[in-house]
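Asks: The structure is given below, and queries will be raised subsequently.
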Amino acid sequence: DELHTRKIQDDLVDLFMAKINHLDADDRAILTLAACIGSNFSESTLRTLCDAAMPNSDGITACNSTGRPSSSITEVDCYKDQGKFKMLLNSLTGVNVKEIIMKLDREGLIIRTGLKSQSRYKFSHDKIQEAAYRLTPEIDRPMMHLQIGRIFLEDAKSHSDVDENLFAIVDQLNHGKNYEEKERISFARLNLAAGERSIQSSAFIPALSYLKVGLSMLKRNELFSSELYDTSLRLFSSIAETELVNGNTGEVEAAAAIISKHALRVIDTFPSQLSLLKAYSAHANYDKVISIGFDLLAKLGVRFPKSAGIPTIVRDLIKNKMSLRGNVFTS
C-alpha cells in the first residue's frame, strides 16, 4: 500500500511538472522562485527578487516598480558564482509580476490567501510546489536559497525591517551552502535571534534547530571570545532552555557546564543554572537541586549551613522575629 501511495504521489508530481513545462518561460520562472520561497509567498516578495537586478551600464542600480532604487545587493557579491540563479533573475528583468501571478491563479496553480492589500498566495497543492521546485536541479538549490536569503536580508536592511522578515531570511540562508567567511558571524547571530524569537513563541523544536545552526557557524576558538562573548552566552543559555523543555537533561547539563567554565560573571550562569534546577526538579533529583542552590548562593556571598541544629534554628528564628518587629514599629 505504501509503495502504491508513493507511486500515485510521484505520478501527481510528474503530471504537474508537465503542466508547468507548458507555461510561458516567465510564468515558469516566477513559479520556480515561489517554490523556493516556500508553500506561502507574497507578491511583494517575488517583486523583491525580480527587482534584484545588476546595475546597468551606467553603474546606476535599477529601480523597482515603486520607483525607489532596489537594494544594493552587489555589496555582498550576491552574483558571485550564482550561475543559473543569475540567469533566472536576468530573464525576469522588467516582467509584470502581478500579471503573471494573476495568470497562475487563473490556471489553478496558486490561490490567494491574503486580503487584496496583502496579495499573499499559496500553492493550491503541495505537489505543485514540489513539481515547481524540481525544475531547479538539486545541485543548484543550495546556492539559489543562499542568494534568495541574501537578497531578502539586504532588502530588509535597506528598509529597516529585518526583525519583521527574520524567519523568511534565516530559513533561506540555512538551506544555502558555501556562504562567505565575512557573512558567517552575521548569519550565526541571525539564527540566534530566530531561536530566541521561537522560544518566546514556545516553538522549542524549531528554536533548537536555529540555535544549533547558529552555534555550528562559530569556530571553537571564537566561543566566549571578547567579540562573541554575548553571542556565545545567549546561544548556550537558550540551548539549555530548549533542551529542558524537550526533556534532554544531559544536554542541559552540557550547556550549563560550558557556561560555568567560561562565564565572566556569576550572574551570567543564572539562566542556564535555572534550567538545570528545573531539569533536576522534574526528575525529583532534589539533592542536586539543593546543592546547586547552595553553590549559587555561596558565589553571591550568601552563606547557608548545609545542616542546621537546634541552636542555629532558634538563633535565626529570633533574628527574623526581631527584624519583623522592627518593620512593624517602622510602619
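Letter by letter, the sequence shown follows residues 52 to 382 in this note's numbering. For every residue, glycine included, the Cβ atom is placed at its ideal position computed from N, Cα and C.
1) Cβ of S332 within 7 Å of Cβ of V303?
2) Just tell me which of L269, E294, E292, G298 has its CA closest to the CA of T282.
3) Checking 7 Å against the spacing of the C-beta atoms, do A245 and F203 come in under that value?
4) At which residues does the beta strand (DSSP E) containing R163 begin and terminate?
5) What is the C-beta distance between K173 and I161, in whole angstroms, given that I count them as a contact (C-beta under 8 Å)?
6) Do I310 and T320 have their C-beta atoms closer together than 7 Å?
7) Would you mind stating whether I151 and D77 have Cβ atoms separated by less than 7 Å?
8) Please state the DSSP three-state secondary structure of R316.
9) Report the option in L351, T300, H313 whose CA atom is closest to the CA atom of K339.
10) Below 7 Å between beta carbons: does that hold for E247 and S288?
11) With distances taken from CA atoms, which of T99, A183, A239, R157 is nearest A207?
12) Quick check on the burial criterion: 16 or more other C-beta atoms within 10 angstroms. Buried or exposed for F238?
13) Suppose the cutoff is 6 Å on Cβ atoms and the five residues either side in sequence are ignored; what does the same chain contact list for Q180 look like?
14) Among residues of its own chain, excluding the 5 on either side of V317, which ones have a beta-carbon nearer than 8 Å to its beta-carbon?
15) Contact between the stretch 219–234 and the stretch 273–281 is defined here as three or more beta-carbon pairs at a separation below 8 Å; is this criterion met?
16) For a minimum of 4 consecutive residues, which ranges assigned as the alpha helix (DSSP H) are wholly contained in the stretch 277–348?
17) What distance in whole Å lies between the Cβ atoms of K228 and L197, which are believed to be in contact at a cut-off of 8 Å?
18) Apart from the five residues on each side of it in sequence, which residues of its chain come closer than 7 Å, Cβ to Cβ, to R354?
19) Using 10 angstroms around the beta-carbon of V264, count the other beta-carbons present and answer buried if the total reaches 16, otherwise exposed.
20) Below 6 Å CB to CB, which residues in the same chain sit around L241 once its five sequence neighbours on both sides are set aside?
21) Cβ of L243 within 7 Å of Cβ of R285?
22) Out of A80, A258, V146, point me to the one whose CA is closest to Y184's CA.
23) Excluding the 5 residues flanking N216 on each side, which residues of the same chain have their C-beta closer than 7 Å to its C-beta?
24) How would you write the range of the beta strand (DSSP E) that K233 sits in, first residue to last?
25) If you measure between the beta carbons of K154 and D191, is that distance less than 7 Å?
26) Could you pull out every residue in the same chain whose Cβ sits closer than 6 Å to the Cβ of G360, ignoring the five residues on either side in sequence?
27) Do I71 and A182 count as a contact pair if the criterion is CB distance below 7 Å?
28) Please confirm whether F255 and V296 have their CB atoms less than 7 Å apart.
29) Mind checking who S93 pairs with in its DSSP beta bridge?
30) When the Cα atoms are used, what is the spatial distance from R366 to K312?
31) Going by beta-carbon coordinates alone, are E94 and S170 separated by less than 7 Å?
32) For E189 and V64, I'd like the C-alpha separation in whole angstroms.
33) What three-state label does DSSP hand F275 in the structure shown?
Replies: Quick answer:
1) On the sequence shown, residue 332 is found 281 positions in, with the first residue counted as 1. On the sequence shown, residue 303 is found 252 positions in, with the first residue counted as 1. No, they are not a contact pair.
2) Start at 1 with the first residue of the sequence shown, and residue 282 comes out as number 231. Taking the Cα of T282 as reference, the smallest distance to any Cα among L269, E294, E292, G298 is reached at L269.
3) Translated into the one-based positions of the sequence shown, residue 245 becomes position 194. Translated into the one-based positions of the sequence shown, residue 203 becomes position 152. Contact check for A245 against F203 fails: the beta carbons are separated by 7 Å or more.
4) Position 112 of the sequence shown, counted from the first residue, corresponds to residue 163. Residues 161–163.
5) Mapped onto the sequence shown, residue 173 falls at position 122. Mapped onto the sequence shown, residue 161 falls at position 110. Contact flag correct, Cβ pair sits at about 7 Å.
6) Your numbering for residue 310 matches position 259 in the sequence shown. Your numbering for residue 320 matches position 269 in the sequence shown. Yes, the Cβ-Cβ distance between I310 and T320 is below 7 Å.
7) Taking the sequence shown and counting its residues from 1, one reaches residue 151 at position 100. Taking the sequence shown and counting its residues from 1, one reaches residue 77 at position 26. If you check the CB distance, I151 and D77 come in under 7 Å.
8) As a first step, residue 316 is located in the sequence shown; it is residue number 265 there, counting from the start. DSSP places R316 in coil when its eight states are reduced to three.
9) Counted from its first residue, the sequence shown places residue 339 at position 288. Here the closest residue by C-alpha is T300.
10) Here residue 247 is taken as the residue at index 196 of the sequence shown, counted from 1. Here residue 288 is taken as the residue at index 237 of the sequence shown, counted from 1. With contacts defined by Cβ atoms closer than 7 Å, E247 and S288 do not form a contacting pair.
11) Translated into the one-based positions of the sequence shown, residue 207 becomes position 156. Put simply, of T99, A183, A239, R157 the residue whose alpha carbon is nearest the alpha carbon of A207 is T99.
12) Position 187 of the sequence shown, counted from the start, is the residue given in the question as residue 238. Under this definition F238 is a buried residue.
13) Numbered from 1 along the sequence shown, position 129 holds the residue referred to as residue 180. Within the same chain, Q180 has close Cβ partners A86, S90, F174.
14) On the sequence shown, position 266 is the one that residue 317 refers to. Taken in chain order, the residues that qualify are L347, K350, L351.
15) Result no; under three Cβ-Cβ pairs closer than 8 Å.
16) Within the stretch 277–348, the complete alpha helix (DSSP H) runs of at least 4 residues are 280–296, 300–313, 321–333.
17) On the sequence shown, residue 197 is found 146 positions in, with the first residue counted as 1. On the sequence shown, residue 228 is found 177 positions in, with the first residue counted as 1. Confirmed, about 7 Å.
18) Within the sequence shown, residue 354 is the residue found at index 303, counting from 1. Here the set comprises nothing.
19) For the purposes of this step, residue 264 is taken as residue 213 along the sequence shown, with counting starting at 1. Classification of V264: buried, given that the 10 Å Cβ count is 16 or more.
20) Taking the sequence shown and counting its residues from 1, one reaches residue 241 at position 190. The beta carbon of L241 is closer than 6 Å to those of V221 in its chain, skipping five residues each way along the sequence.
21) Reading the sequence shown from its first residue, position 192 is the one you call residue 243. Reading the sequence shown from its first residue, position 234 is the one you call residue 285. With a cutoff of 7 Å on beta-carbon distance, L243 and R285 are scored as near each other.
22) Along the sequence shown, read from residue 1 onward, the residue named residue 184 stands at position 133. Answer by Cα proximity: A80.
23) Counting from one through the sequence shown, the residue named residue 216 turns up at place 165. The beta carbon of N216 is closer than 7 Å to those of F203, A207 in its chain, skipping five residues each way along the sequence.
24) Sequence index remark: in the sequence shown, residue 233 carries index 182 (1-based). Note, K233: premise wrong, no beta strand (DSSP E); alpha helix (DSSP H) at 232–251.
25) As a position in the sequence shown, residue 154 is number 103, starting the count at 1. As a position in the sequence shown, residue 191 is number 140, starting the count at 1. The Cβ-Cβ distance between K154 and D191 does not fall below 7 Å.
26) Locating residue 360 in the sequence shown gives position 309, where the first residue counts as 1. Excluding sequence neighbours, G360 sits near nothing in its chain.
27) Here residue 182 refers to the residue found at position 131 when the sequence shown is read from its first residue. Here residue 71 refers to the residue found at position 20 when the sequence shown is read from its first residue. Closer than 7 Å, so yes.
28) Taking the first residue of the sequence shown as 1, we reach residue 255 at position 204. Taking the first residue of the sequence shown as 1, we reach residue 296 at position 245. Closer than 7 Å, so yes.
29) Position 42 of the sequence shown holds residue 93. Answer by DSSP bridge pairing, in chain order: R171.
30) In the sequence shown, residue 366 corresponds to position 315, counting from 1. In the sequence shown, residue 312 corresponds to position 261, counting from 1. For R366 and K312, the distance between alpha carbons rounds to 37 Å.
31) Stepping through the sequence shown from its first residue, residue 94 is reached at position 43. Stepping through the sequence shown from its first residue, residue 170 is reached at position 119. In this structure, the beta-carbon distance from E94 to S170 falls below 7 Å.
32) Working through the sequence shown from its first residue, we reach residue 189 at position 138. Working through the sequence shown from its first residue, we reach residue 64 at position 13. If I take the Cα positions, the gap works out to 16 Å.
33) Start at 1 with the first residue of the sequence shown, and residue 275 comes out as number 224. It is coil, neither helix nor strand.
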